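Data block below; observations after.
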Amino acid sequence: MTNNGFEQDQYIRNRVLLMHVKCGMMLDARRLFDEMPEKNLVSWNTIVAGLVDSGDYVEAVGLFLTMWEEFSEGESRLFATMIRASAGLGLISLGKQLHSCALKMGVGEDIFVSCTLIDMYSKCGSIEDAQFVFDDMPDKTTVGWNSIIAGYALHGYSEEALSMYYEMRDSGGKMDHFTFSIVVRICTRLASLEHAKQAHAGLIRNGFGLDIVANTALVDFYSKWGRVEDARHVFDDMPKKNVISWNALIQGYGNHGRGQEAVEVFEQMISRGMAPNHVTFLAVLSACSRSGLSEHGWEIFQSMSGDHKVKPRPMHFACMIELLGREGLLDEAFALIRGAPFKPTVNMWAALLTACRVHENFELGKLAAEKLYGMEPEKLSNYIVLLNIYNSSGNTKEAAEVVHTLRKKGLTMRPACTWIDINRSSHVFLSGDKSHAQTEEIFQKVESLMAKISRHGYVPQERHLLPDVDEREVRFPFHHSEKLAIAFGLINTPEWTPLQLVQSHRICNDCHNAIKLITVVTGREIVVRDGSRFHHFVGGKCSCGDYW
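Quick note on the numbering used here: the sequence shown kicks off at 81 and runs consecutively.
Right, dumping it as structure tokens:
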């Protein structure tokens, strides 16, 4: 270019700069930018946008401030870019200053600026400001709707997110594949089959039936909530699949105790040339562990580094510790921890502690618990697992010491709650809860269920009830939140309908045993997502194999 005299041409220099930015060659791009004899707004916009896109937010902000001192102006796309940088840095104060500048420059209501403001305020935790910007948008675009829906979902306001989705639909807003993928993920959190089915239908109706992102979200939803055949149907119909799609299906089979099928899908993935990643191995190793496929698990674990060039991480070691723990091989599990090529993590010690609880090995359990105390001194669940080990083995003195430690630290557990979605409406229950409009009918149903399952051998396991929770948990073992939610679901759904519940805490032994028998006397499938995993109850069995 120098020989042809193009070095003075600003347009050519900017195009060359853009080429380097588009190719991700940011070091060369920055050098070209610094060597420019003259820079116009296009030059500044290009390099700043490139830095933001590459995640170098601090340098982007520094260049923007330098540019602002020289030009004191900027177009809408530049403000949108810098607002993205403030979101990346988590600096709401910077975002608000940019918002103010954009308003002064007359571009505050620009579509690009508004959408990035919604995203920034949402990511920085100010959903109220995000809603304010959205409400002020003269033309609400698809990106704007998606941003506000995703913002609510990001902060756990799932009901509000769904409400915005239906408002978008009813107002004639144009939905895209991203809209539907967000909604399906919200449904996964809410355990709402009806909402997910509507989103699935809308996906097809709007011409996105083959979209890989939305369909992967559907595979994830259906597989997590026990509809594994539906998940497989969606998966098989996808013309293109990525590693996330494969991982979702493998994880789905594993979550519901179908480890052999998870291994088969993993093998299909390999045979079709799809390279597994660390998430793939986590999914298939978990599946092997939950289904007792110890030989498969070890073979896959040992193949990670050699055959697939994926270095095992602590979470993979935790899976193998769980696998050994399920087999009762606690010494071998402990040896794996000691032989790990890195410092043992919380998940590794927690896996060993769970194994000790199940097999009532309180000596090794105490060691694992003490390790966890040092790493997570304020995490209540670590103390509770050890407490249950002592209670189960009759070590009342040690159990009392744990309770004393809990009280000394001031650690208490919030009352557990369970929610169930019926006819697109969520219903939340606490233990002994009598606030529901159908309370009398619900309690009668619970009493009837308890009488029926008692004839099948059910005996309340009060020794596993936690001493630190709300007294209702102890006074009402028949009326734990899970049992109330199940009774409500049985009353208000057809006999052939599976029930899907979300529990805020780890499900207790008493409810776990009761639900297994409830599936026997009612013929229903029940899926519970508790604080640690999915439990798929059917025919008197649980997908966890009574190990959680």
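The C-beta atom is built at its ideal place from N, Cα and C for all residues, glycine as well.
These numbers come from a predicted model, not from an experiment.
Taken in chain order, the unbroken stretches of alpha helix (DSSP H) that lie wholly in the stretch 279-348 and span 4 residues or more are 292-304, 308-317 and 323-335.
Between Leu529 and Ala567, the CB-CB gap stays under 8 Å.
The distance from the Cβ of Ala496 to that of Gln583 is about 6 Å, consistent with a contact at the 8 Å cut-off. DSSP places Asp256 outside any beta strand (DSSP E), giving it a letter other than H or E. Glu562 counts as buried, since no fewer than 16 other beta carbons sit within 10 angstroms of its beta carbon.
When C-beta atoms of the stretch 96-111 are compared with those of the stretch 122-131, three or more pairs fall below 8 Å, so the two segments count as touching. The three-state reading of DSSP puts Cys103 in coil, since its state is none of H, G, I, E or B. The shortest C-alpha to C-alpha distance from Phe212 to any of Ile469, His179, Gly405 and Leu234 is the one to His179. DSSP links Phe614 through a beta bridge to Arg609. DSSP places Asp501 inside the beta strand (DSSP E), whose first and last residues are Cys497 to Ile502. At a cut-off of 4 residues, the continuous stretches assigned as alpha helix (DSSP H) that sit fully inside the stretch 118-156 are 121-133 and 137-151.
Under the three-state reduction of DSSP, Leu197 is assigned to helix. Three or more pairs of CB atoms, one per stretch, sit closer than 8 Å, so the stretch 517-537 contacts the stretch 585-599. As the crow flies, the alpha-carbon of Ala430 is around 25 Å from that of Ser385. Exposure of Trp576 is indicated by the presence of fewer than 16 other C-beta atoms within 10 angstroms of its C-beta. Contact between Ala413 and Leu433 is ruled out by a C-beta separation of about 11 Å, above the 8 Å threshold. Here the stretch 230-245 does not lie against the stretch 181-196, with fewer than 3 beta-carbon pairs under 8 Å apart.
Within the model, the alpha-carbon separation for Gln177 versus Ala311 is close to 46 Å. Taking C-beta atoms as the reference points, Val482 and Tyr463 count as a pair closer than 8 Å. Taking C-beta separations shorter than 7 Å and ignoring five residues to either side along the sequence, the partners of Cys267 in its chain run His275, Ala276, Ala279 and Phe301, following chain order. With a contact defined as Cβ atoms closer than 8 Å, Asn427 and Pro394 qualify at about 6 Å. Pairwise C-beta distances place the stretch 336-356 in contact with the stretch 364-375, as three or more of them are shorter than 8 Å. Beta-bridge partners assigned by DSSP to Gln583: Thr498.
In terms of Cβ geometry, Arg157 and Asn125 form a close pair [threshold 8 Å]. Proximity of the stretch 507-521 to the stretch 601-614 falls short of the contact definition, fewer than three beta-carbon pairs being nearer than 8 Å. Measuring C-alpha to C-alpha distances from Ile292 to each of Ala271, Val314 and Ser303 identifies Val314 as the nearest. By the neighbour-count definition (other C-beta atoms within 10 Å, threshold 16), His536 is an exposed residue.
Boundaries cannot be given for Leu373, as no alpha helix (DSSP H) includes it and DSSP labels it neither H nor E. Taking a 10 Å sphere around the C-beta of Asn593, we find 16 or more other C-beta atoms and assign the residue as buried. Under the DSSP assignment, Ser206 falls outside any beta strand (DSSP E); it carries neither an H nor an E label.
As a beta-bridge residue in DSSP terms, Lys621 pairs with Val618. The residues Leu365, Cys368, Ser369, Cys399, Met400 and Leu403, in chain order, have a CB closer than 8 Å to that of Gly377 in the same chain once the five nearest residues on each side in sequence are set aside.
Between Gly512 and His439, the CB-CB gap reaches or exceeds 8 Å.
Annotated three-state conformation of Phe422 is coil, per DSSP. When rounded, the separation of the alpha-carbon atoms in Lys451 and Asp199 is 40 Å. For Phe509, the enclosing beta strand (DSSP E) covers residues Ser505 to Leu510.
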